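**Q** Counted the way our numbering counts, the sequence shown spans residues 2 to 374.
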Amino acid sequence: MPITGLYGPDDFANRPQGQATNQITPFPRAAPARTGSILPMPSLEWTDEVERATAPLYERVKHVIPPIEWPLMAPTIKAINELKQARGAVILAHNYQAPEIFHCVADIGGDSLQLAVEATKVKAGIIVQCGVHFMAETSKLLNPDKTVLIPDSRAGCSLAASITGADVRLLREKFPGVPVVAYVNTSAEVKAEVDICCTSSNAVQVVESLNAPSVIFLPDRYLATYVASKTDVKIIAWKGACEVHERFTGGELRELREADPSVQIIAHPECPPDVLAEADFTGSTAHMINWVRAKRPRRLVMITECSMADNVRAELPDVEMLRPCNLCPHMKRITLANILESLLTLREEVTIDPALAVVRARRSVERMINLKN
Numbered sequence: 002m003p004i005t006g007l008y009g010p011d012d013f014a015n016r017p018q019g020q021a022t023n024q025i026t027p028f029p030r031a032a033p034a035r036t037g038s039i040l041p042m043p044s045l046e047w048t049d050e051v052e053r054a055t056a057p058l059y060e061r062v063k064h065v066i067p068p069i070e071w072p073l074m075a076p077t078i079k080a081i082n083e084l085k086q087a088r089g090a091v092i093l094a095h096n097y098q099a100p101e102i103f104h105c106v107a108d109i110g111g112d113s114l115q116l117a118v119e120a121t122k123v124k125a126g127i128i129v130q131c132g133v134h135f136m137a138e139t140s141k142l143l144n145p146d147k148t149v150l151i152p153d154s155r156a157g158c159s160l161a162a163s164i165t166g167a168d169v170r171l172l173r174e175k176f177p178g179v180p181v182v183a184y185v186n187t188s189a190e191v192k193a194e195v196d197i198c199c200t201s202s203n204a205v206q207v208v209e210s211l212n213a214p215s216v217i218f219l220p221d222r223y224l225a226t227y228v229a230s231k232t233d234v235k236i237i238a239w240k241g242a243c244e245v246h247e248r249f250t251g252g253e254l255r256e257l258r259e260a261d262p263s264v265q266i267i268a269h270p271e272c273p274p275d276v277l278a279e280a281d282f283t284g285s286t287a288h289m290i291n292w293v294r295a296k297r298p299r300r301l302v303m304i305t306e307c308s309m310a311d312n313v314r315a316e317l318p319d320v321e322m323l324r325p326c327n328l329c330p331h332m333k334r335i336t337l338a339n340i341l342e343s344l345l346t347l348r349e350e351v352t353i354d355p356a357l358a359v360v361r362a363r364r365s366v367e368r369m370i371n372l373k374n
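1) For residue 131, which residues does DSSP report across the bridge?
2) Residue range of the alpha helix (DSSP H) that residue 286 falls in?
3) What residues in its chain sit with their C-beta under 6 Å from that of residue 289, if we drop five residues either side in the sequence?
4) Less than 6 Å between C-beta atoms, sequence neighbours within five positions excluded: which residues of the same chain meet that for residue 360?
5) Compute the distance between the beta-carbons of residue 210 and residue 285, then report whether it is under 7 Å.
6) Out of curiosity, what's the CA-to-CA distance linking residue 339 and residue 159?
7) Restricting to runs no shorter than 3 residues, where is the beta strand (DSSP E) found entirely within the segment 150-235?
8) Going by alpha carbons, who is nearest to residue 72 out of 55, 85 and 112?
9) Whose C-alpha, out of 140, 126, 102 and 193, is nearest the C-alpha of residue 113?
10) Could you tell me the distance, in whole angstroms, from the CA atom of residue 10 to the CA atom of residue 239?
11) Nearest-angstrom Cα distance between residue 311 and residue 100?
12) Taking the alpha-carbon of residue 322 as reference, which of 116, 257 and 242 has the nearest alpha-carbon?
13) Under a Cβ-count criterion, where at least 16 other Cβ atoms within 10 Å of its own Cβ denotes burial, should residue 130 be classed as buried or exposed?
14) Using only the alpha-carbon positions, how far apart do residue 111 and residue 291 sit?
15) For residue 270, collect the residues of the same chain with a Cβ closer than 6 Å to its Cβ; drop the 5 residues on either side in sequence, then sort them by chain order.
16) Return the residue from the list 294, 198 and 91 that minimises the CA-CA distance to residue 364.
17) What separation, rounded to the nearest whole angstrom, lies between the Cα atoms of residue 280 and residue 50?
18) Let's test the definition: count the other Cβ atoms within 10 Å of the Cβ of residue 375 and tell me whether it reaches 16, buried, or not, exposed.
19) Whose C-beta lies closer than 7 Å to the C-beta of residue 275 among residues of the same chain, with five residues either side of it excluded?
20) Comparing C-alpha positions only, which one of 300, 93 and 115 sits nearest to residue 106?
21) On the three-state DSSP scale, how would you describe residue 260?
22) Could you compute how far the alpha carbon of residue 231 sits from the alpha carbon of residue 205?
23) Helix, strand or coil for residue 327? Go by DSSP, reduced to three states.
24) Is the beta carbon of residue 95 closer than 7 Å to that of residue 132?
25) Roughly how many whole angstroms lie between the Cα atoms of residue 307 and residue 293?
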């Protein structure tokens with residue numbers, strides 16, 4: 002069914018001034034972590050030793066990283082992999098990270114749900130989150146006694162920036178008794194105000210698990226529309242959107258099909274409805290990857306962030322990846338260079354103010370993780 006209500010900052014006359022914005026607000030730069038000293042910069046020269054040590058890694062990405070570029074990356078990759086061992090650190094990387102990060106330095110890769118689940122299992126004392134800030138916050142919520150680092154704290158998210166904890170409280174006032182589901186692409190402040198979190202992998206399951214006739218679903222209006230089409234639960238949505246996915250249009254996909262009727266198109270549910278209507282499959286990043294592994298299409302368009310297509314092609318080089326795709330400027334703030342710096346200096350540490358109700362925020366994430374199929 003269609004969503005039954007769509008709300009945003011302009012719909013609340015008593016909304017605190019100066020809070021709601023779709024502009025990404027940089028998080029404060031953090032001081033070096035208390036534990037451990039700053040380590041010296043290792044040599045980043047391309048040598049025969051570096052070439053030999055990184056040759057197996059280049060085999061993973063040779064289809065997406067030209068040989069001429071590898072000598073520029075390999076010394077840093079080798080240094081990162083040695084430093085994370087020295088620091089007792091683990092690197093988590095989202096599917097939207099560049100191939101040299103996702104395939105060559107990450108210990109764990111996946112979508113938001115996979116990373117949240119794996120974050121609960123991490124034994125290392127230091128977690129380096131290669132993704133955007135809300136992902137690092139989620140890891141910190143689930144590992145309050147561990148050091149969580151994000152290589153660039155300016156790596157924000159248009160969805161997380163679209164809503165505040167105050168907005169959630171106003172929605173609860175307007176719809177008393179209606180449970181609230183927050184997409185994991187939200188701040189810890191917002192997570193503390195909701196009943197349960199979800200990802201695009203399990204959004205429908207989470208909504209239906211509440212056994213309520215109506216649910217407030219925030220902040221992605223397009224994911225909310227997709228969920229509403231898959232359930233009889235009445236969905237009250239927020240006017241947030243992902244700046245990567247909302248730029249796609251159904252028209253450009255129709256043009257692709259006209260140019261090549263054999264092409265397969267798969268899309269993320271954060272895309273507008275006219276895009277999903279043109280897709281052969283809709284699903285989370287993990288579901289999209291599994292679809293490609295199972296179907297092995299000859300020519301494919303992945304309607305999501307560009308680096309995921311590169312990461313899939315690195316694994317499945319027989320699948321020809323066509324554009325369009327859109328880059329996430331926030332994900333691309335994470336680079337090999339600042340991952341290295343993060344491990345050398347233990348910057349930038351993610352902290353969560355207890356005043357933001359850390360326990361409640363953690364509870365909403367844990368409810369999602371513990372939800373049974």
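A virtual CB, placed ideally from N, CA and C, is assigned to each residue, including glycine.
This structure is a prediction, so every number in the text was calculated from the model and none was measured.
**A** With the structure as the only source:
1) Here residue 131 refers to the residue found at position 130 of the sequence shown. Answer is 94, bridged to residue 131.
2) If you number the sequence shown from 1, residue 286 lands on position 285. Residues 286-296.
3) Translated into the one-based positions of the sequence shown, residue 289 becomes position 288. Contacts found: 267.
4) Position 359 of the sequence shown holds residue 360. Cβ neighbours of residue 360 beyond the five flanking positions: none.
5) Within the sequence shown, numbered from 1, the residue matching residue 210 stands at position 209. Within the sequence shown, numbered from 1, the residue matching residue 285 stands at position 284. No, they are not a contact pair.
6) As a working mapping, residue 339 is identified with position 338 in the sequence shown. As a working mapping, residue 159 is identified with position 158 in the sequence shown. The alpha-carbon atoms of residue 339 and residue 159 are separated by roughly 22 Å.
7) 181-184, 197-199 and 215-219
8) Numbered from its first residue, the sequence shown carries residue 72 at position 71. Out of 55, 85 and 112, 55 has the C-alpha closest to the C-alpha of residue 72.
9) On the sequence shown, position 112 is the one that residue 113 refers to. Minimum Cα distance to residue 113 is reached at 140.
10) Looking up residue 10 in the sequence shown gives position 9. Looking up residue 239 in the sequence shown gives position 238. If I take the Cα positions, the gap works out to 9 Å.
11) In the sequence shown, counting from the first residue as 1, residue 311 sits at position 310. In the sequence shown, counting from the first residue as 1, residue 100 sits at position 99. So the two alpha carbons sit approximately 7 Å from each other.
12) In the sequence shown, residue 322 corresponds to position 321, counting from 1. Minimum Cα distance to residue 322 is reached at 257.
13) Along the sequence shown, one-based indexing puts residue 130 at 129. Per the 10 Å Cβ criterion, buried.
14) Counted from its first residue, the sequence shown places residue 111 at position 110. Counted from its first residue, the sequence shown places residue 291 at position 290. If you take the alpha carbons of residue 111 and residue 291, they lie about 11 Å apart.
15) Here residue 270 is taken as the residue at index 269 of the sequence shown, counted from 1. Excluding positions up to five away in sequence, the list reads 201, 224, 227 and 283.
16) Residue numbering aside, residue 364 sits at position 363 when the sequence shown is read from its first letter. Comparing Cα positions, the closest option is 198.
17) For the purposes of this step, residue 280 is identified with residue 279 of the sequence shown, where counting begins at 1. For the purposes of this step, residue 50 is identified with residue 49 of the sequence shown, where counting begins at 1. Rounded to whole angstroms, residue 280 to residue 50 spans 47 Å at the Cα level.
18) Because the chain is modelled from 2 through 374, residue 375 falls outside the range shown and cannot be assessed.
19) Locating residue 275 in the sequence shown gives position 274, where the first residue counts as 1. If we look at residue 275 and ignore the five residues flanking it on each side, its Cβ neighbours are 250 and 251.
20) Here residue 106 is taken as the residue at index 105 of the sequence shown, counted from 1. Checked all of 300, 93 and 115; the closest Cα to residue 106 is 93.
21) On the sequence shown, position 259 is the one that residue 260 refers to. Three-state result, residue 260: helix.
22) Against the sequence shown, residue 231 aligns to sequence position 230. Against the sequence shown, residue 205 aligns to sequence position 204. Residue 231 and residue 205: Cα-Cα distance of roughly 7 Å.
23) In the sequence shown, counting from the first residue as 1, residue 327 sits at position 326. It is a strand residue.
24) Mapped onto the sequence shown, residue 132 falls at position 131. Mapped onto the sequence shown, residue 95 falls at position 94. In this structure, residue 132 sits near residue 95, with a CB-CB distance shorter than 7 Å.
25) The residue labelled residue 307 in the question sits at position 306 within the sequence shown. The residue labelled residue 293 in the question sits at position 292 within the sequence shown. Roughly 15 Å between the two C-alpha positions.
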